[in-house]
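In what follows, a structure is listed as structure tokens, so that the remarks can point back to it.
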Amino acid sequence: DFNLPQRFNVEHVAEDNTRKQPVMIHRAILGSFERFIAILTEHYAGEFPFFIAPTQVIFVPIADDHVAYAKTLKNRLIQEEIDSEIYDRNDSLNKRIRLAEKQRVPYVVILGDAEVTNKSVAIRDRRAKEQYNLTIDEFMVKLSQQLKEGKI
Numbered sequence: 503d504f505n506l507p508q509r510f511n512v513e514h515v516a517e518d519n520t521r522k523q524p525v526m527i528h529r530a531i532l533g534s535f536e537r538f539i540a541i542l543t544e545h546y547a548g549e550f551p552f553f554i555a556p557t558q559v560i561f562v563p564i565a566d567d568h569v570a571y572a573k574t575l576k577n578r579l580i581q582e583e584i585d586s587e588i589y590d591r592n593d594s595l596n597k598r599i600r601l602a603e604k605q606r607v608p609y610v611v612i613l614g615d616a617e618v619t620n621k622s623v624a625i626r627d628r629r630a631k632e633q634y635n636l637t638i639d640e641f642m643v644k645l646s647q648q649l650k651e652g653k654i
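Here it is in structure tokens:
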């Protein structure tokens, strides 16, 4: 490291009695992880690929009646080791969707009467910038494939 000795004004006396700035050799495992995460965050502007996103799916139930369905889906995702959250706050639907999209989560899933009845999900796909419906099984297959493929 050439930077830290200069920043901290570190010097040593060489054999010829002149002052020299050393090259610092250090090992910082934690620091290197932090730098790696910082580089990834900057590179993706916080919009991580599905397989490394901290939260991969956010469920937004339209009404309180749909929260149980959201919990069922969340439990299924937990079995597949997919991280998800449920936004069931008392805020308006638009505000909850906006909050979910601000989190830059790969998938925001809106759950209403039609989705509960049809055992399906209404998906907002951040990367494809599309909205579409899938059955639960189709959605699970899609997520599992993305997790295994690790596409960027």
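One point on numbering: in my numbering, the residue at position 98 of the sequence shown is 600, and numbering is uninterrupted. Even for Gly, the Cβ is constructed at its ideal location relative to N, Cα and C.
Cβ of residue i within 7 angstroms of any chain B Cβ
{"i": "residue 556", "result": "No chain B appears in the structure shown, which is made up of a single protein chain."}
Terminal residues of the beta strand (DSSP E) in which residue i lies
{"i": "residue 594", "result": "Counting along the chain, residue 594 falls outside any beta strand (DSSP E), and DSSP gives it neither H nor E."}
{"i": "residue 635", "result": "632-637"}
{"i": "residue 624", "result": "622-627"}
{"i": "residue 560", "result": "559-563"}
Under the three-state DSSP convention, the category residue i falls into
{"i": "residue 544", "result": "helix"}
{"i": "residue 587", "result": "strand"}
{"i": "residue 643", "result": "helix"}
{"i": "residue 618", "result": "helix"}
{"i": "residue 552", "result": "helix"}
{"i": "residue 655", "result": "Summary: the structure shown does not reach residue 655, with the chain confined to residues 503 through 654, and so no result is reported for it."}
Unbroken alpha helix (DSSP H) run spanning residue i, endpoints
{"i": "residue 612", "result": "Taken as a continuous stretch (DSSP letters only), residue 612 belongs to no alpha helix (DSSP H), being part of the beta strand (DSSP E) at 609-613."}
{"i": "residue 569", "result": "569-581"}
{"i": "residue 509", "result": "505-509"}
For residue i: DSSP bridge partner residues
{"i": "residue 537", "result": "Answer is none; residue 537 lacks a bridge partner."}
{"i": "residue 515", "result": "521"}
Integer Cβ distance of residue i from residue j, believed to fall under 8 angstroms
{"i": "residue 667", "j": "residue 618", "result": "This structure cannot settle anything about residue 667, because the visible part of the chain is limited to 503 through 654."}
{"i": "residue 558", "j": "residue 609", "result": "7 angstroms"}
{"i": "residue 572", "j": "residue 561", "result": "4 angstroms"}
{"i": "residue 515", "j": "residue 524", "result": "That pair is no contact at about 11 angstroms."}
{"i": "residue 628", "j": "residue 549", "result": "7 angstroms"}
Quiz item: Looking at C-beta atoms only, is the number of pairs between the stretch 587-606 and the stretch 632-639 that lie closer than 8 angstroms three or more?
Solution: no
Practice problem: Count the CB pairs spanning the stretch 642-652 and the stretch 543-557 that are closer than 8 angstroms, and state whether there are at least three. | Solution: yes
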